[in-house]
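S.K.: Chains as they are written, first to last, in this note's numbering: chain Z, 39 to 153; chain L, 1331 to 1445. Glycine included, each C-beta is placed from N, C-alpha and C at the ideal position. A quick note: this is a predicted structure, and the numbers were derived from the prediction, not measured. One structure follows; several queries about it will come next.
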């Protein structure tokens, strides 16, 4: 139990589908993140939310659309993805995004396969 | 720009022997340094971090890391490795300011501990 729960754990979708990844943190944190982990590549930061406000969009294509309705929940809406978007998507949270040195806690990840 | 390097793709060690996973970094100012571990088909788990103070940091599962400012290194160590330590290990760095809590990750080092 990491305190950060992601659903679904596995998702297969076609290139024309619309799906969403969900993340919930039970740690009382104020910041939430989406990271992408692809084979043979370092982890890539996608989005950062602090107190439900997006503070970082790391040049992510618009086919990925995040949503943070409150400080405990984070979604990643997926639309018209490409096969190269297949990866492990990791949600994470930390106490305070404004404070450097905060420990970031990760969920178990959602394995996405685009066919 | 900040960066972190893990020079070894894989480290092989026999159970009971000392384990070292290397990490070097490049960042302006005094960095915040982290180690995470990822077991197969799981998310990242926090092991330890260096913020300030004692250069030797102790973390979870018997791991420790030594911050060496002159060599810009933060190597992860364990005196006696277990088969269950076999996993993917990530070093990460966060600059002291303006980071939005972001982490820059290394490419990861696969640790294989043989019985």
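#1: Quick check: the Cα distance between residue 1393 of chain L and residue 118 of chain Z, rounded to an integer number of angstroms?
#2: Which whole-angstrom value describes the C-beta separation of residue 73 of chain Z and residue 130 of chain Z, a residue pair presumed to lie in contact below a C-beta threshold of 8 Å?
#3: Distance cutoff 9 Å, beta carbons only. Does residue 151 of chain Z sit that close to anything in chain L?
#4: Could you check the C-alpha separation between residue 46 of chain Z and residue 70 of chain Z for me, to the nearest Å?
#5: Rounded to a whole number of angstroms, what is the C-alpha to C-alpha distance between residue 153 of chain Z and residue 1331 of chain L?
#6: Who are the Cβ neighbours of residue 1424 of chain L in its own chain at under 6 Å, not counting the five residues just before and after it?
#7: Name the chain L residues that come within less than 7 Å of residue 170 of chain Z, Cβ to Cβ?
#8: Are any of the Cβ atoms in chain Z nearer than 9 Å to that of residue 1332 of chain L?
#9: May I ask you to list the residues that DSSP assigns as paired with residue 34 of chain Z?
#10: For the structure I just gave you, are there three or more beta carbon pairs, one from the stretch 1343 to 1353 of chain L and one from the stretch 97 to 104 of chain Z, closer than 8 Å?
#11: Name the chain Z residues whose beta carbon is nearer than 7 Å to that of residue 1404 of chain L?
#12: Please report whether the beta-carbon of residue 98 of chain Z lies at a distance below 9 Å from any beta-carbon of chain L.
#13: Are the Cβ atoms of residue 84 of chain Z and residue 104 of chain Z separated by less than 9 Å?
#14: If we define contact as Cβ-Cβ less than 9 Å, is residue 1371 of chain L a contact residue for chain Z?
#15: Please report how far the alpha carbon of residue 1299 of chain L lies from the alpha carbon of residue 1334 of chain L, in whole angstroms.
#16: Can you look up residue 107 of chain Z in the DSSP assignment and give me helix, strand or coil?
#17: Can the beta-carbon of residue 59 of chain Z be found closer than 9 Å to that of residue 75 of chain Z?
#18: Rounded to the nearest angstrom, what separates residue 140 of chain Z and residue 52 of chain Z at their Cα positions?
#19: Going by the CB atoms, is the gap between residue 89 of chain Z and residue 124 of chain Z shorter than 9 Å?
#20: Residue 1345 of chain L by DSSP, collapsed to three states: which one?
#21: Check the DSSP bridge columns for residue 51 of chain Z and list the partner residues they point to.
#22: Can a CB atom of chain Z be found closer than 9 Å to the CB of residue 1375 of chain L?
#23: So residue 135 of chain Z and residue 68 of chain Z are supposed to be a Cβ contact under 8 Å. How far apart are they, rounded?
#24: Put residue 42 of chain Z into one of helix, strand or coil per three-state DSSP.
M.R.: In this structure, then:
#1: Computed Cα separation, rounded: 43 Å.
#2: 6 Å
#3: no
#4: 18 Å
#5: 36 Å
#6: 1362 and 1433
#7: The displayed coordinates of chain Z run from 39 to 153. Any statement about residue 170 of chain Z would go beyond what the structure contains.
#8: No - not a single Cβ of chain Z is within 9 Å of the one on residue 1332 of chain L.
#9: An answer regarding residue 34 of chain Z cannot be provided, because it is not within the stretch 39 to 153 covered by chain Z.
#10: Three or more beta-carbon pairs separated by less than 8 Å are not found between the stretch 1343 to 1353 of chain L and the stretch 97 to 104 of chain Z, which leaves the two stretches without contact.
#11: For residue 1404 of chain L, no chain Z residue has a Cβ inside 7 Å of its Cβ, as the nearest lies near 14 Å away.
#12: no
#13: yes
#14: yes
#15: Residue 1299 of chain L lies beyond the residue range present for chain L, which begins at 1331 and ends at 1445; the question has no answer from this structure.
#16: strand
#17: no
#18: 37 Å
#19: Not closer than 9 Å, so no.
#20: coil
#21: Z:152
#22: yes
#23: 7 Å
#24: DSSP places residue 42 of chain Z in strand when its eight states are reduced to three.
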